[in-house]
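Shown next, in structure tokens, is the structure this report addresses.
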Amino acid sequence: MTSVSLPAQAQQALSEFQQYKSWEQRSRLLLRWAEHLEPFPSEAQCETNRVLGCETKVWLTAHQCKGVWHFQASSEARLLRGLLALLLVRINGISATELAQLDVQDWFQQLGLAHQISSSRNNGLNAVIQRIQKLMQAPV
Amino acid sequence: MMLSSPWRADFPALANLAHQGLVYLDSAATAQKPQPLLDALQHYYAQGVANVHRAQHRLGNRTTQAFEQVREQVAHWLQAPVDSEIIFTRGTTEAINLLAYGLEAQIQPGDELVISALEHHANLLPWQQLALRRGARLVVLPLDASGQLDLVAAQSLIGPRTRTLAISQLSNVLGNWLPLKPLIQQAQAQGAWVVVDGAQGIVHQPPNLKQLGCDFYVFSSHKVYGPDGLGVLYGRRAALAQLQPWQFGGEMLDHTDYYRAQFRPAPLGFEAGTPPIASVLGFAATLNYLYQIDQAAWIAHEQRLHSNLLTGLQQRSGIRILGQPQAALVSFTHESVHPSDLAQLISEQGVAIRTGSHCAQPLMQHLGINGALRVSLGLYNDQQDLERFFQALDQALELLV
Ligand SMILES: Cc1ncc(COP(=O)(O)O)c(C=O)c1O
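Read top to bottom, the protein sequences are chains A and B.
Quick note on numbering: full-length UniProt numbering labels position 140 of the first sequence as 140, and the sequence is numbered without any gaps.
Quick note on numbering: full-length UniProt numbering labels position 368 of the second sequence as 368, and the sequence is numbered without any gaps.
As structure tokens, then:
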């Protein structure tokens with residue numbers, strides 16, 4: 001849905017990624033975004049928060065406050081941390097209603113990173129997205 | 001001079017991949033196919049298909065005859081002794097499952113099923129689950145510090161309770177040959193059945209089963225330049241006679257009424273349902289193709305490539321090679337870079353290599369790593385493929401280190 005508002009950081013990500021075309025520049029950018037990821041507490045890197053279904057270790061936590069979800073995530077792999085950062089700047093801080101309507105696939109499409117979702121079950125991004133969708137459907 | 005492959009042009013996919021800027025270094029996962037195989041599939045489908053072992057019509061007879069001839073061809077290729085059979089399955093995985101189910105009734109609580117620590121999940125899970133079903137004990141032969149099978153420890157673990165020994169010919173992760181001969185002799189002396197998983201080994205050194213003497217030998221056609229959906233289970237007749245059928249239906253029986261059936265002996269009693277006929281016929285074409293290759297030149301070519309691959313990796317700092325690879329493939333990690341990061345950036349550059357746990361999670365745990373990258377070679381690879389890989393690796397490391 002085009003009416004869903006784009007958070008400021010997401011807007012920034014979009015203009016950065018639309019600027020670069022070569023795999024090398026884009027990979028550098030992704031690695032830079034990995035550094036933006038909100039620090040993930042080491043005690044939260046536990047089995048309960050582990051996202052299953054990917055060979056690379058990925059953790060996700062979610063909190064809901066006044067109808068707004070806040071997610072935190074991390075991974076052992078840096079490029080995946082970059083992808084997670086790009087996901088979180090898009091979905092954190094928006095309302096649960098907006099989040100429910102958001103087409104995440106389309107977001108990565110706009111960034112030119114759609115193949116990262118579909119390509120490999122190793123990279124884990126897809127598993128994280130599915131886990132988020134499941135969390136949102138679960139009764140709170 | 002650049003090392004080139006005289007057989008590359010026989011594999012049409014290589015040129016097509018090159019057109020797309022892709023380099024294929026993942027043949028241990030599955031291999032590209034030679035033109036004679038494509039021709040054989042085209043021929044079979046275009047000239048008229050028929051089911052095997054069923055129809056009385058001429059077409060059926062012709063297909064059945066051709067199909068049965070492939071058994072002989074495979075037996076010949078494996079240098080199988082006369083008192084043995086070739087059973088067609090859907091792959092290595094199915095062949096091993098067939099064995100684990102077929103032997104189930106023979107396994108008593110407390111019996112020992114032996115595997116090695118480096119087995120592919122296909123040669124671990126069927127035995128693990130059989131042990132759980134029957135209250136048997138799974139015994140895992142350990143590796144030494146260099147990743148080789150610890151033969152002394154192994155020999156102390158094979159004993160009077162050992163009922164099966166299931167072991168690879170060549171590791172799909174470490175690229176080392178296993179010391180089959182002494183293990184087979186010891187296990188058989190204890191009255192155990194020996195299963196050799198030849199899925200990787202056969203691609204680089206077809207066995208001499210007369211000499212090897214194992215009871216069962218299994219492999220997949222698709223890894224040895226043949227079509228998908230076809231595996232081979234070789235068995236000594238005496239060993240096959242101990243197996244119970246595990247899948248039921250079709251023409252695998254001698255006689256049935258509504259309530260009771262009598263089943264055929266191997267091979268047909270273990271081939272319930274329509275087999276992958278086109279794949280069997282296509283595999284014959286692959287075998288004919290492989291036969292006319294100069295074996296010595298083939299082995300020498302792969303050895304040179306393998307040695308260049310190994311040397312190139314050893315020259316790069318931070319790279320840790322798993323085990324002591326002897327053939328076909330090299331697996332490695334980097335001291336400060338996660339394998340999935342490295343794999344992703346290599347893939348971005350159009351080089352296909354494998355990453356992850358390579359269907360050997362317990363081995364990864366044993367090695368204390370969270371995955372590895374694997375470069376594997378086929379007879380069509382050349383030095384230029386390796387150069388492309390090294391270039392991609394260097395560029396990826398430049399970004400990541
Ligand atoms: C050593 C080994 N065993 C078994 C298998 C399983 O083969 P398939 O998937 O063709 O059944 C493989 C394939 O990766 C292998 O490398």
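Quick reminder that beta carbons are idealized off the backbone N, C-alpha and C, glycines included.
Asked, Found
"Kindly indicate the opening and closing residues of the alpha helix (DSSP H) around Thr-333/B.", "Thr-333/B -> not in any alpha helix (DSSP H); beta strand (DSSP E) instead, spanning 329 to 334."
"Is the CB of Ala-114/A under 8 Å away from at least one CB in chain B?", "no"
"Once you ignore the five residues that flank Gln-384/B on each side, which residues in its own chain have a CB closer than 7 Å to its CB?", "Met-2"
"Relative to the C-alpha of Glu-72/B, which candidate in Ile-87/B, Leu-59/B, Arg-58/B has its C-alpha closest?", "Ile-87/B"
"Can you name the residues of chain A whose CB is closer than 7 Å to the CB of Leu-345/B?", "Ser-27"
"Less than 6 Å between C-beta atoms, sequence neighbours within five positions excluded: which residues of the same chain meet that for Ala-95/B?", "Thr-89, Val-218, Gly-231, Leu-233"
"Under 8 Å by Cβ, that's how I've got Glu-335/B and Gly-235/B pegged, so tell me the actual separation to the nearest angstrom.", "Their Cβ separation, rounded to whole angstroms, is 45 Å, which puts Glu-335/B and Gly-235/B out of contact at 8 Å."
"Please confirm whether Trp-33/A has its beta-carbon closer than 8 Å to some beta-carbon of chain B.", "no"
"Tell me the residue span of the beta strand (DSSP E) that contains Gly-91/B.", "Neither: Gly-91/B is in no beta strand (DSSP E) and is coded neither H nor E."
"Are there 16 or more other CB atoms within 10 angstroms of the CB of Val-97/B, so buried, or fewer, so exposed?", "Here residue 97/B is Asn; the residue named in the question, Val, does not match the sequence. Asn-97/B should be labelled buried."
"Can you list, in chain order, the residues of the stretch 358 to 382 of chain B whose Cβ is nearer than 8 Å to any Cβ on chain A?", "Asn-370, Gly-371"
"Taking all protein chains shown into account, do 16 or more other C-beta atoms lie within 10 angstroms of the C-beta of Leu-103/B, making it buried, or fewer, making it exposed?", "buried"
"Less than 6 Å between C-beta atoms, sequence neighbours within five positions excluded: which residues of the same chain meet that for Pro-81/B?", "Lys-210"
"Can you check which of these residues, Asp-341/B, Ser-221/B, Gln-242/B, is closest to Gly-282/B by C-alpha distance?", "Ser-221/B"
"Among residues of its own chain, excluding the 5 on either side of Trp-298/B, which ones have a beta-carbon nearer than 7 Å to its beta-carbon?", "Leu-379"
"For ligand 1, is there any heavy atom lying closer than 7 Å to the beta carbon of Gly-226/B?", "no"
"Going by C-alpha to C-alpha distance, which of Ala-192/B, Gln-148/B, Leu-130/B, Gly-110/B sits closest to Ser-116/B?", "Gln-148/B"
"So, for Ala-31/B: in the same chain, excluding its five sequence neighbours on each side, which residues have a beta-carbon less than 6 Å away from its beta-carbon?", "Lys-223, Tyr-225, Gly-378"
"Using the rule of at least 16 other Cβ atoms within 10 Å of the residue's Cβ for burial, across every protein chain shown, is Cys-214/B buried or exposed?", "buried"
"Looking at chain B, is there any beta carbon in it that lies within less than 8 Å of the beta carbon of Lys-57/A?", "yes"
"Quick check: is the beta carbon of Met-1/A nearer than 8 Å to any beta carbon in chain B?", "Confidence at Met-1/A is low in this model, with a pLDDT of 44, below 50, so its placement is unreliable and the value that follows should be read with caution. No, because no Cβ of chain B sits closer than 8 Å to the Cβ of Met-1/A."
"Decide if Val-280/B is buried, meaning its Cβ has at least 16 other Cβ atoms within 10 Å, or exposed.", "buried"
"Leu-141/B and Ala-131/B look like a contact to me (Cβ under 8 Å); what is the Cβ gap, rounded to whole Å?", "The Cβ separation is near 15 Å, so there is no contact."
"Can the beta-carbon of Ala-73/A be found less than 8 Å from the beta-carbon of Phe-108/A?", "no"
"Under 7 Å: does the beta carbon of Asp-197/B sit that close to some heavy atom of ligand 1?", "yes"
"Measuring alpha carbon to alpha carbon, tell me which of Ser-75/A, Gln-9/A, Ile-132/A, Phe-17/A ends up nearest Leu-99/A.", "Ile-132/A"
"In this structure, does DSSP put Asp-111/B in helix, strand or coil?", "coil"
"Drop a sphere of 10 angstroms on the beta-carbon of Thr-311/B, count the other beta-carbons inside from all chains shown, and report buried for 16 or more, exposed for fewer.", "exposed"
"Throw me the rounded Cβ distance for the Leu-113/B and Trp-127/B pair, which I believe falls under 8 Å.", "5 Å"
"Using beta-carbon positions only, say whether Ser-27/B and Asp-382/B come within less than 8 Å of one another.", "no"
"Would you identify the three-state DSSP class for His-338/B, choosing helix, strand or coil?", "coil"
"Compute the minimum distance between the beta carbon of Cys-359/B and the heavy atoms of ligand 1, and state whether it is under 7 Å.", "yes"
"CB of Gln-32/B to nearest heavy atom of ligand 1: below 7 Å?", "no"
"Tell me whether His-57/B sits in a helix, a strand or coil according to DSSP, three-state version.", "coil"
"Let me know the alpha helix (DSSP H) ranges lying completely inside the stretch 93 to 125 of chain A, each 4 residues or longer, listed in chain order.", "96 to 101, 104 to 111, 114 to 118"
"Please give the ranges of any beta strand (DSSP E) in the stretch 220 to 245 of chain B, keeping only runs that are unbroken, at least 3 residues long and fully inside the region.", "231 to 236"
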